[in-house]
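Notes for the one structure printed next.
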Amino acid sequence: SAAVIHVKHTVAHGGDTICALATAPGRAALAVVRISGTRTRFALETLAGALPHPRQMSLRRLRDGQGNVLDTALVVLFPCPASATGEDLAELHLHGGTGVSAAVMAALTSLSGIRLAEPGEFTRRAVLAGKLDLTEAEAIADLVEAETESQRRQAVRQLGGELGRRIGDWRERLLGALALVEADLDFSDEGDVGDDLLGPALAEAISIRIQIESTLNDNRIGERLRDGFTVVIAGPPNAGKSTLLNHLAGRDVAIVSPFPGTTRDVLEVRCDLGGLPITLIDTAGVRDSHEPIEREGIRRAAARMSEADLVLWLAAAGEASADSPSGALKVRTKSDLVSASPSLGEISVSALTGAGVTDLLGEIEQQLRALVGAEPALITRDRHRRALEDCRAALLRVCEGRVKAAREYPELLAQDLRDAVQALGRITGHVGAEEVLDRIFSSFCIGK
Ligand code: GDP
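Taking full-length UniProt numbering, the leading residue of the sequence shown gets 4, the next gets one more, and so forth.
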């Protein structure tokens, strides 16, 4: 589309100086505007007068082109190349508030050669300048998005280069193996090479394939932590599902009514459970129904249950419990209505009095922690997983299909190794595919 072409053109061009509000818009104590590119010094001189000492904050009066004072601000210049973007980079620490930042942004963008940044363009320039690899750039996005402690920790680990280093190691080793195969190709014409070069190359490919296999075999925990775990609240109509969701969410999100079959769609609430991001999902009551809208609700409930990380199966105290799906956590609701103690394996709660709710939350957290495990996940995005799967597929061709044939067709072996190296390069950005960059940075906010 035209929009995509526009982004590609302006971003790939890269020569422009860009500026953006780096902090959230709205009323606040401070607002930070960033400028990056060759016209940064010119912009600073125009707005703030003489250039400040590099990397030192100085208090300046900012003026527009007509000499009107816009704000008094702290300005700092990070000269190229030792800056986050690798270019001249400046920050203006303004007084917060929409009026101030709007006036400063208007003054900046009225200067020739300076324009508003595209989403993620500062980080993109950092990647292009080799300051960050793609996994670190993604980690910055994840860190900004992180709502809970476990998400923050995962993003910080990735920003520390954990994933990038592992991929880089494998890539280096595979390049080494490829060099052996290519040496074999070069020298085999000249008769005896002396050493067996293909044997060590194959051994390396096999060892890396095994490591990739175990990395992929991680229960998708990294992705699930990024997206949040889904906990589905299900059970027969009137079991108290909506009331429990409201109680857990601390606000009225689901319509609670005494008439069975009121929740016909699916309602979601995101919350933080001991640092774990979870999405609580209320579903339509499951029962036999001939009413079309209710049946659709029940169908959606079943779909949500099958994808859930955890299902809470609710049944009201004193009522016969319908068969719960396997693996579901059984919850007895409305415990305030009866005095009988709950049966074994059930957690008894009352959304009315709050009794048992802390136990229930503790049990949910424990079950999710068991899923997460102790080992931090390396893969945090589907993009990483698909590239690693491609790498594994190429290495499988190297290792299994062609071990014997390899000696006869080393050029095929070399091609498979090249495919494997390329797949890994896509993860860190060693393969400079513009579409990959476009896709990743389009999800950033402006100013990052
Ligand atoms: P859902 O159909 O499973 O979503 O059930 P609702 O949450 O709409 O609740 C059905 C009825 O049970 C409503 O009248 C609620 O007020 C009532 N209810 C829900 N939880 C409790 C509870 O803990 N104690 C009591 N006494 N009533 C409850």
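Heads up, the beta-carbon is just placed ideally off N, CA and C, and yes, glycines get one too.
Predicted model only: the values in this text are computed from it and were never measured.
Beta-carbon spacing of residue i, residue j below 8 Å
i, j, result
"Val36", "Leu24", "yes"
"Ala319", "Asn249", "no"
"Leu364", "Val334", "no"
"Ile281", "Arg307", "no"
"Val289", "Ala311", "no"
"Ala79", "Pro55", "Checking the sequence shown, residue 79 turns out to be Val, not Ala. Going by C-beta atoms, Val79 is nearer than 8 Å to Pro55."
"Ala417", "Leu166", "no"
"Leu33", "His96", "yes"
"Leu276", "Glu414", "no"
"Leu427", "Ala390", "yes"
"Trp316", "Gly238", "yes"
"Leu420", "Ala85", "no"
"Arg212", "Arg395", "yes"
"Leu313", "Ile224", "no"
"Glu139", "Gly164", "yes"
"Ala132", "Thr88", "yes"
"Leu162", "Ile143", "yes"
Residue interval of the beta strand (DSSP E) (run including residue i)
i, result
"Ser39", "Leu33 to Ser39"
"Ile350", "Glu349 to Ser351"
"Thr20", "Thr20 to Leu24"
"Ile382", "From DSSP, Ile382 is part of no beta strand (DSSP E); its letter is neither H nor E."
"Leu111", "Looking at the DSSP string, Leu111 is not in any beta strand (DSSP E); the run it does join, the alpha helix (DSSP H), is Thr101 to Thr112."
"residue 452", "Because the chain in this structure spans residues 4 to 451, residue 452 falls outside the shown range and cannot be described."
"Val272", "Leu270 to Leu276"
Environment of residue i [buried if 16+ CB atoms lie within 10 Å]
i, result
"His293", "exposed"
"Asp91", "buried"
"Glu94", "buried"
"His387", "buried"
"Arg127", "buried"
"Ser153", "buried"
"Phe444", "buried"
"Gly330", "exposed"
"Thr41", "exposed"
"Gly18", "exposed"
"Gln69", "exposed"
"Ala15", "Its pLDDT being 41, under 50, Ala15 is placed unreliably by the model, and the measurement read from it follows with that caveat. Looking at its Cβ environment, which holds fewer than 16 other Cβ atoms inside 10 Å, Ala15 is exposed."
"Val7", "Bear in mind that the predicted position of Val7 carries a pLDDT of just 35, short of 50, making it too unreliable to give a figure here."
"Ser245", "buried"
"Gly348", "exposed"
"Val272", "buried"
"Glu297", "buried"
"Leu62", "exposed"
"Ile21", "buried"
"Ala120", "buried"
"Asp172", "exposed"
"Arg58", "exposed"
"residue 2", "The requested residue 2 is not part of the displayed model; the chain covers only 4 to 451."
"Ala354", "buried"
"residue 1", "Nothing about residue 1 can be reported from this structure: the residues present for the chain run from 4 to 451 only."
"Val107", "buried"
Residue interval of the alpha helix (DSSP H) (run including residue i)
i, result
"Thr282", "Run containing Thr282: none in the alpha helix (DSSP H); it sits in the beta strand (DSSP E), Leu279 to Asp285."
"Leu73", "Unbroken run through Leu73 is the beta strand (DSSP E), Val72 to Phe81; no alpha helix (DSSP H)."
"Ile301", "Pro295 to Glu310"
"Ile449", "No alpha helix (DSSP H) holds Ile449; DSSP gives it neither H nor E."
"His98", "His98 -> not in any alpha helix (DSSP H); beta strand (DSSP E) instead, spanning Leu92 to His98."
"Arg429", "Pro413 to Thr431"
"Glu48", "Thr43 to Ala51"
"Ala320", "Run containing Ala320: none; DSSP gives neither H nor E here."
"Ser245", "Lys244 to Ala252"
Distance between beta carbons of residue j and residue i, contact taken as under 8 Å
i, j, result
"Gly432", "Val130", "6 Å"
"Val352", "Ser338", "6 Å"
"Thr383", "Asp145", "7 Å"
"Val424", "Leu247", "Val424 to Leu247, Cβ: 52 Å. No contact."
"Ala31", "Gly99", "3 Å"
"Leu332", "Gln369", "Not confirmed; about 10 Å, so no contact."
"Val401", "Leu205", "7 Å"
"Ile430", "Leu219", "Not really, about 13 Å apart at Cβ, beyond 8 Å."
"Thr361", "Leu279", "No, Thr361 and Leu279 are not in contact; Cβ-Cβ is about 16 Å, not under 8 Å."
Beta carbon proximity, residue i to chain B, threshold 8 Å
i, result
"Gln69", "Absent from the structure is chain B; it holds one protein chain and no more."
*Contained alpha helix (DSSP H) runs [length at least 4] in the stretch 169-231, N- to C-terminal order*: Within the stretch 169-231, the complete alpha helix (DSSP H) runs of at least 4 residues are 201-219 and 224-230.
Go through the stretch 132-166 residue by residue and report every complete run of the alpha helix (DSSP H) that reaches 4 residues or more, in order. Within the stretch 132-166, the complete alpha helix (DSSP H) segments of 4 residues or longer fall at 137-148 and 152-162, listed in chain order.
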